[in-house]
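Protein chains: 2
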Amino acid sequence: MFGRLLLLETVGVVVNEHNKLRINLKENSYDIIIEHGLLSNLGALISEKFGKPKIFIVTDNNISVHWLEQTIESFSAQGVSPKVLEVPVGESTKSFINLEKIIDQLLESKVDRNSLLIALGGGVIGDLTGFAGAVTLRGIKVIQVPTTLLSQVDSSVGGKTGINVRQGKNLVGSFYQPSLVAVDTQVLKTLPQRQLFAGYAEVVKYGLIKDCSFFEWLELNGKKVLEGDKLAQQFAIFTSCRIKAEIVEADEKEQNLRAILNFGHTFGHALEVEAGYDGNLLHGEAVSIGMVMAIELSKNLGHLSGQDAGRAIEYIRSIGLPTNINSIEGSTSWNPDGLIQHMQHDKKVSNGQLRFVLIKGIGEAYLTADVEKKQVYNVIEKSLSGDL
Amino acid sequence: MFGRLLLLETVGVVVNEHNKLRINLKENSYDIIIEHGLLSNLGALISEKFGKPKIFIVTDNNISVHWLEQTIESFSAQGVSPKVLEVPVGESTKSFINLEKIIDQLLESKVDRNSLLIALGGGVIGDLTGFAGAVTLRGIKVIQVPTTLLSQVDSSVGGKTGINVRQGKNLVGSFYQPSLVAVDTQVLKTLPQRQLFAGYAEVVKYGLIKDCSFFEWLELNGKKVLEGDKLAQQFAIFTSCRIKAEIVEADEKEQNLRAILNFGHTFGHALEVEAGYDGNLLHGEAVSIGMVMAIELSKNLGHLSGQDAGRAIEYIRSIGLPTNINSIEGSTSWNPDGLIQHMQHDKKVSNGQLRFVLIKGIGEAYLTADVEKKQVYNVIEKSLSGDL
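Going down the list, the protein sequences come from chains A and B. By my numbering, the letter at position 21 of the first sequence is numbered 21, and the numbering carries on one by one without gaps. Converting from the second sequence to my numbering requires adding 388 to each position, the first position being numbered 1.
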């Protein structure tokens, strides 16, 4: 197995084959295509697959300044003029108001059941646009063109769409599969470093929960991914999507298995709520710290060897990701009770019973409700003290 | 076959067996239960099927004055206290504002993924509640308890949910299957006569599009249905739901076959748009007039015998349903060009090409795009003149 990994590390052509994934679901199947420079070819790709329907692009200013022009040109070359709907940058864009606005503009522009809605942006754009597509005319085709590493490996695969309401994030939405996911690794060039690293935390997650050999590959090649190596990025994104896809295929509507995708998220989500989504803590950073806490908890429960725990935490630290609460900047005054309370209010919790995704080895996640509060408390304390 | 029909007419016990339908869809299957007095037993039925989750009931004043108390009592008997969300009466309730309000109240009351949302009312309540259920926490269980004849035979089966926006009716929504449809024929006692007749137009539709023997049964027993005979109502609703279910099972997402459910609706919808939904023309009445126009068009095209056309139209007239535009009260000034324009803007139309559901015999609907505008014009003129 190690031989194959070394091969992948050194022989580009092997990686090069890994640029297309077919996601097979009960009712809807679709492709994920990963390619450096794909945006300049998007118009042709879409014409080939879907003909020439009306095209709508939802995007925000972060991405439009860098990438909108060449995207539109790729359609112009096909004789197609997409209509662009630009929404504000930021998490607060995922609101009922913007949902209504997008739908209103689609309907005013005579959207029809053959129209294509393209989400060109990060997770916010993908979630909002996906949801708008899910409910306009009871569902039109949506194409995800994720432009952050996080959305490329996570939010554009799996069909979760949604908006935030005052009671919490993503509490309104639907499961709605895209008709195509087109990933251009080139756009990572204009992604801020901090965002790139935060997205990389989710890449590491896939190794930890389901694929030890991918984790090993990351130990060897992770730096290349972060430094912009095209083939390394393509392979890391491909493999992350493949792992996520396997999990989603087995459990589309989040009954059970899919929960392992939330590794690091039970802790991480509580941190995000407490930090207040003010930009001091990115989602991927919260996941990174949450994964370390979940690894520590797995070890403390005697389910994971000290060696594996040490190796996993050491990798997260060495690559440059945050590992403890103490490292979060900003003015939040953290306390364990508050964090545990947030965990209990998570929408995935039923009857207040906390469930954790833990690992029993690198690449072997499992779900358990059998964790004493004291154990959770101890891990939080340790993270707060900066000892993780 | 006629023997069986007579049997159904005279021997109640045969009809009595027809009170449960299983709808089998690719991913979700559910039951439709039709029973006189079912509401007083709803709590027990739901506890048996779903245990004792949090229950939310969405209803309006039309129905709550008559039937809410006994519904709630049926839950109290099970030790369950449903939370009631009352929305205003009328089509304008199907709005983004009310969707948001319902979701907000659900979330404030700590709705969780096991909660049950009950739609107790007619089509407006069913559509709005179904949509709210579809998107709250990305989907919670919805139980349809339709209280008008129209919603009992039509809108509660098939999973279409939605709201209206300024560009038109039902332009935002989703396909979302209920977990149970519970039909109590008793509630028809408090339904205004005009609403009962309008709903009956959809019952007649099922015979005309797919089941000649059911049409024959209606010719013999339709009056009983309208006069409140329990068993006749049960059988008519059961058969209507069965026919709709067969069509929906074969074509859940409205690709093709499902279009025949729109018999009478292409004309009818244009009439409704022109009449402006001001109460002068109920949906079922528009469908009744639209069906007569579709029958006439079928005959004029030489696809339907004059004998069948005459029999169908005569039945619609004799039972007391409207047959032509001339009979619509109110101040609308009708004209054929305006109506044809509305038809072309229907959301089911692609590329402005009009498609019609016609019949080539009683019980044999088909879909065609091969109709000259002149023919449509002639039929509208005849309906306007009162000659249909």
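By construction, the Cβ of each residue, glycine as well, lies at the ideal position given by its N, Cα and C atoms.
Compare the C-beta of residue i with all C-beta atoms of chain B and state if any pair is closer than 8 Å.
i	result
Leu196(A)	no
Glu27(A)	yes
Arg258(A)	no
Phe356(A)	no
Glu9(A)	Because Glu9(A) sits at a pLDDT of 34, beneath the cut-off of 50, its placement in the model cannot be relied upon, and the following sentence gives the value as read from the coordinates. With 8 Å as the cut-off, Glu9(A) does not count as an interface residue toward chain B.
Lys392(A)	Outside the displayed span of chain A (1 to 388) sits residue 392(A), for which this structure offers no information.
Gly130(A)	no
Ala182(A)	no
Under a Cβ-count criterion, where at least 16 other Cβ atoms within 10 Å of its own Cβ denotes burial, should residue i be classed as buried or exposed?
i	result
Gly694(B)	exposed
Ile289(A)	buried
Asn723(B)	exposed
Ser567(B)	buried
Arg630(B)	buried
Pro146(A)	buried
Pro322(A)	buried
Ser544(B)	buried
Asn404(B)	Here the model assigns Asn404(B) a pLDDT of 40, short of 50, so the residue's position is not dependable, and the following value carries that caveat. By the 10 Å Cβ count, Asn404(B) comes out exposed.
Lys761(B)	exposed
Arg582(B)	exposed
Asp725(B)	exposed
Glu272(A)	buried
Ser771(B)	buried
Gln353(A)	exposed
Glu662(B)	buried
Arg646(B)	buried
Asn324(A)	buried
Ser74(A)	buried
Examine chain A for any beta-carbon lying closer than 8 Å to the beta-carbon of residue i, and answer yes or no.
i	result
Met389(B)	Note on Met389(B): pLDDT 32, under 50, position unreliable in the model; no value is reported.
Val545(B)	no
Gln466(B)	no
Asp775(B)	no
Leu608(B)	no
Leaving out the 5 sequence neighbours to the left and right, which residues in its chain are closer than 6 Å to residue i when beta-carbon positions are compared?
i	result
Val636(B)	Gly546
Leu584(B)	Leu537
Val759(B)	Phe744
Asp184(A)	Leu38 and Leu39
Asp154(A)	Glu202
Val89(A)	Asp60, Asn61 and Asn62
Asn552(B)	Lys482
Gly330(A)	Asn280
Between which residues of its own chain and residue i is the CB-CB distance below 8 Å, once the five residues before and five after are set aside?
i	result
Ala365(A)	Leu208, Ile209, Lys210, Ile260, Phe263, Val357, Leu358 and Ile359
Ile362(A)	Gly207, Leu208, Cys212, Phe215, Asp308, Arg311 and Ala312
Gly391(B)	Note that Gly391(B) scores 33 on pLDDT, short of 50, meaning its location in the model is unreliable; the coordinates nonetheless yield the value given after this. Closer than 8 Å at Cβ, skipping near neighbours: no residue.
Phe407(B)	According to the sequence as given, residue 407(B) is Asn; it is not Phe. Hits under 8 Å: Ile421, Ile422, Glu423, Gln622 and Phe626.
Val592(B)	Phe603, Leu606, Gly610, Ser676, Met679, Tyr703, Ile704, Ile707 and Leu709
Give every residue of the same chain whose Cβ lies closer than 7 Å to the Cβ of residue i, excluding the five residues on either side of it in the sequence, and list them in chain order.
i	result
Lys140(A)	According to the sequence shown, residue 140(A) is Ile rather than Lys. Within the same chain, Ile140(A) has close Cβ partners Val111, Arg113, Ser115, Leu117 and Gly133.
Ala658(B)	Leu727, His730 and Met731
Asn486(B)	Val475 and Leu516
Gly198(A)	Going by the sequence as given, residue 198(A) is Ala instead of Gly. Excluding residues within five positions, the ones whose Cβ falls inside 7 Å are Leu150, Leu282, His283, Gly284 and Glu285.
Thr190(A)	His66
What I want to know is whether the C-beta of residue i ends up closer than 7 Å to one or more non-hydrogen atoms of the ligand ADP.
i	result
Ile513(B)	Looking at this structure, you won't find the ligand ADP or any other ligand, since it has none at all.
Less than 8 Å between CB atoms is the rule here; does residue i satisfy it with respect to chain C?
i	result
Lys20(A)	Absence of chain C from the displayed structure is noted, the protein chains being A and B.
Query raised in the report: Are there three or more Cβ pairs, one per stretch, closer than 8 Å when the region 297 to 315 of chain A is compared with the region 278 to 288 of chain A?
Result: no
Requested in this report: Name, going along the chain, the residues of the region 30 to 63 of chain A whose beta-carbon falls closer than 7 Å to a beta-carbon of chain B.
Outcome: none
Query raised in the report: Looking at chain B, which residues of the region 163 to 178 of chain A have a Cβ within less than 7 Å of any of its Cβ atoms?
Result: Val165, Gln167, Leu171, Val172, Gly173, Ser174 and Phe175
Requested in this report: Using a Cβ-Cβ cut-off of less than 8 Å, give me the residues of the region 479 to 499 of chain B that come near chain A, in sequence order.
Outcome: Phe484, Glu488, Ile491, Asp492, Leu495 and Glu496
Query raised in the report: According to a CB-to-CB cut-off of less than 8 Å, which residues of the region 360 to 388 of chain A neighbour chain B?
Result: none
Report task. Residues of the region 115 to 144 of chain A with a CB closer than 7 Å to any CB of chain B: list them in chain order, please. Result -> Ala134, Val135, Thr136, Leu137, Arg138 and Gly139
Query - Three CB pairs or more closer than 8 Å across the region 515 to 533 of chain B and the region 561 to 574 of chain B - result: yes
Query raised in the report: Is the region 457 to 476 of chain B touching the region 604 to 611 of chain B in the sense that three or more CB pairs, one from each, lie closer than 8 Å?
Result: no
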